[in-house]
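Accompanying notes for the structure given below.
Residue numbers (our numbering): 152 to 645.
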């Protein structure tokens, strides 16, 4: 193995090692940012869980408050009806010898009271045993009361205030609570009862929902249910529940219970709450994404520069091993394709208004196509964007770039070039080592996703200047490159 071959083998080994290091570092950075993202995801889930628990506690407190309010509302409404009966009992007078049948004036008072109180179903005067309706403000009232006397129990420490369990009254088409008070004569003897059915429809509260149900109990016996539409009625079956609250009604033999299901986790928070919880997490994820992209870009730039530095040494060593000066451009182009991701490399000179091809390297599958349209040591006709860019590079001495360059040949681009994803072209002027105007240009096409344009430009500035300038003598007759560039650019633009 010659020294040149040994050097190239070592260079290839070094490039492979650099790529391995790059792969390891990129994976480490990716895992680092993924780990941070996973940590923030756990924090986000913990925060969501905490917020849902807080909302559930708030909901439980709200349910308890509503239940207490409903219990107070039921008690207040029934107490009001008892106070009305106490007032009416004080003004009630009886037909002589027919007590507790009210006299004409008392009947008029009871009817007037009934008419002035909307929602009042009836006021009934009952016999001493409580099982017969003697008189009623409702003419269609049956003589048999809705609840027999044995079902009434006193409430609290008021022995004269009697209460029965809620029930449905077909005559009124309502669920009612029967209540009554005792009537006494002057000697204190009970002579009858004054009763009034209290409709439960008057006692409602916004407690029922899709996941909630309210029940009325007496000693573990289910009496009634607050339906979804806010009306009271018979229990329609217990909803599946994992949450229950119970509130007792003081002085009354009843207990209110509210049962509810846990809402789905996605419905536990309102959209605004979800936004408040999720927005910081999403912002952190976006920040981590861009940090990862930035870190990957920095690594790519750093290792790309290292690879190009190693490639520059390999290219220079290959050129120095070339014995013939006229073969240097061709060897230079071959080395570019071998050591870098460059897909097409040309060395050109403008002379007599034409582009002279001094060196060329293309993919092997496109070799025949380029032999036809780009012959060595011949004037070649490149597409206008390339001609203008080369002329500008020679005239200004600055690197020129083309994004999405057209095919170099008149025919469509070859399959190999299509597969490489070429989307950039760079034209690097080649200056004299002692200064002055550029005498030639290097044209390279390459995929921008595989190599940094800035790093490639630096690589070409160094490689083309130090490698091609010593072999410039004898390639072509001397000419004024600046005037040639101005001439071709002006003719193309015209």
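Ideal Cβ positions, reconstructed from N, Cα and C, are used throughout, including at glycine.
Given a cut-off of 8 Å, decide if residue j and residue i are closer than it, judged by their beta-carbon atoms.
{"i": "residue 305", "j": "residue 282", "result": "no"}
{"i": "residue 572", "j": "residue 600", "result": "yes"}
{"i": "residue 348", "j": "residue 319", "result": "no"}
{"i": "residue 354", "j": "residue 225", "result": "yes"}
{"i": "residue 383", "j": "residue 426", "result": "no"}
{"i": "residue 495", "j": "residue 513", "result": "yes"}
{"i": "residue 339", "j": "residue 277", "result": "no"}
{"i": "residue 578", "j": "residue 541", "result": "yes"}
{"i": "residue 607", "j": "residue 559", "result": "no"}
{"i": "residue 394", "j": "residue 211", "result": "yes"}
{"i": "residue 499", "j": "residue 594", "result": "yes"}
{"i": "residue 402", "j": "residue 307", "result": "yes"}
{"i": "residue 326", "j": "residue 233", "result": "no"}
Can you list, in chain order, the residues of its chain with a C-beta nearer than 6 Å to that of residue i? Leave out the 5 residues immediately preceding and following it.
{"i": "residue 219", "result": "398"}
{"i": "residue 289", "result": "273"}
{"i": "residue 275", "result": "284, 287 and 346"}
{"i": "residue 497", "result": "511 and 594"}
{"i": "residue 271", "result": "265"}
{"i": "residue 452", "result": "603"}
May I have the straight-line CA-CA distance separating residue i from residue j, to the nearest angstrom?
{"i": "residue 429", "j": "residue 598", "result": "39 Å"}
{"i": "residue 469", "j": "residue 195", "result": "57 Å"}
{"i": "residue 161", "j": "residue 535", "result": "Interpretation of residue 161 is limited by its pLDDT of 46, a score under 50 that renders its predicted location unreliable; the figure taken from the coordinates is listed afterwards. One C-alpha to the other measures close to 41 Å."}
{"i": "residue 493", "j": "residue 180", "result": "27 Å"}
{"i": "residue 280", "j": "residue 309", "result": "19 Å"}
{"i": "residue 626", "j": "residue 518", "result": "In this predicted model, residue 626 has a pLDDT of only 47, less than 50, meaning its place in the structure is not dependable; the value taken from the coordinates is given anyway. C-alpha separation (whole angstroms): 23 Å."}
{"i": "residue 611", "j": "residue 423", "result": "56 Å"}
{"i": "residue 457", "j": "residue 603", "result": "12 Å"}
{"i": "residue 576", "j": "residue 554", "result": "7 Å"}
{"i": "residue 563", "j": "residue 433", "result": "With a pLDDT of only 46 at residue 563, under the threshold of 50, the placement of this residue in the model should not be trusted; the figure read from the coordinates follows. Each residue's alpha carbon lies about 46 Å from the other."}
{"i": "residue 489", "j": "residue 187", "result": "40 Å"}
{"i": "residue 252", "j": "residue 328", "result": "24 Å"}
{"i": "residue 431", "j": "residue 192", "result": "11 Å"}
{"i": "residue 501", "j": "residue 447", "result": "40 Å"}
{"i": "residue 405", "j": "residue 314", "result": "11 Å"}
{"i": "residue 246", "j": "residue 372", "result": "42 Å"}
{"i": "residue 566", "j": "residue 520", "result": "Its pLDDT being 49, under 50, residue 566 is placed unreliably in this model, and the value from its coordinates should be taken loosely. Taking the straight line from one Cα to the other gives about 11 Å."}
{"i": "residue 203", "j": "residue 411", "result": "16 Å"}
{"i": "residue 374", "j": "residue 380", "result": "18 Å"}
{"i": "residue 176", "j": "residue 182", "result": "10 Å"}
{"i": "residue 256", "j": "residue 249", "result": "15 Å"}
{"i": "residue 184", "j": "residue 443", "result": "6 Å"}
{"i": "residue 316", "j": "residue 302", "result": "8 Å"}
{"i": "residue 206", "j": "residue 415", "result": "12 Å"}
{"i": "residue 269", "j": "residue 236", "result": "16 Å"}
{"i": "residue 420", "j": "residue 291", "result": "53 Å"}
{"i": "residue 486", "j": "residue 178", "result": "30 Å"}
{"i": "residue 449", "j": "residue 605", "result": "13 Å"}
{"i": "residue 413", "j": "residue 190", "result": "28 Å"}
{"i": "residue 549", "j": "residue 590", "result": "13 Å"}
{"i": "residue 574", "j": "residue 552", "result": "11 Å"}
{"i": "residue 477", "j": "residue 445", "result": "44 Å"}
{"i": "residue 527", "j": "residue 547", "result": "26 Å"}
{"i": "residue 330", "j": "residue 238", "result": "15 Å"}
Can you give me the Cβ contacts of residue i inside the same chain, cut-off strictly under 7 Å, excluding the 5 residues immediately before and after it?
{"i": "residue 299", "result": "282"}
{"i": "residue 240", "result": "332, 334 and 345"}
{"i": "residue 557", "result": "534 and 536"}
{"i": "residue 592", "result": "499, 541, 544, 545, 578, 579, 580 and 581"}
{"i": "residue 530", "result": "505, 506 and 507"}
{"i": "residue 615", "result": "579, 581 and 593"}
{"i": "residue 244", "result": "253, 254, 256 and 257"}
In chain order, what residues of the same chain lie with their CB nearer than 8 Å to the CB of residue i, ignoring the 5 residues before and after it?
{"i": "residue 376", "result": "364, 365, 366, 367, 383, 384, 385, 386 and 387"}
{"i": "residue 400", "result": "222, 225, 226, 406 and 407"}
{"i": "residue 396", "result": "211, 214, 215, 218, 408 and 409"}
{"i": "residue 613", "result": "463"}
{"i": "residue 341", "result": "279, 333, 334 and 335"}
{"i": "residue 228", "result": "349, 353 and 354"}
{"i": "residue 242", "result": "257 and 260"}
Under a CB-based cut-off of 8 Å, is residue i close to chain C?
{"i": "residue 204", "result": "Here there is only one protein chain, and chain C is not present."}
- Query: Is the region 196-207 touching the region 453-463, taking contact as three or more C-beta pairs under 8 Å?
  - Reply: no
Under 8 Å: do the region 476-488 and the region 501-512 share three or more Cβ pairs, one atom per stretch? yes
Review point. Using 8 Å as the Cβ pair cut-off and three pairs as the minimum, do the region 262-270 and the region 421-440 touch?
Key: Short answer: they don't touch.
**Prompt:** What are the complete beta strand (DSSP E) segments, minimum 3 residues, inside the region 370-424?
**Reply:** Segments of the beta strand (DSSP E) lying fully in the region 370-424: 372-377, 394-399 and 406-411.
inquiry  = List, from N- to C-terminal side, the beta strand (DSSP E) runs of 3 residues or more that fit wholly inside the region 226-296.
reply    = Counting only runs of 3 or more, we get 275-277 and 284-287.
_I'd like the ranges of any alpha helix (DSSP H) spanning at least 4 consecutive residues and lying wholly in the region 434-501._
479-490
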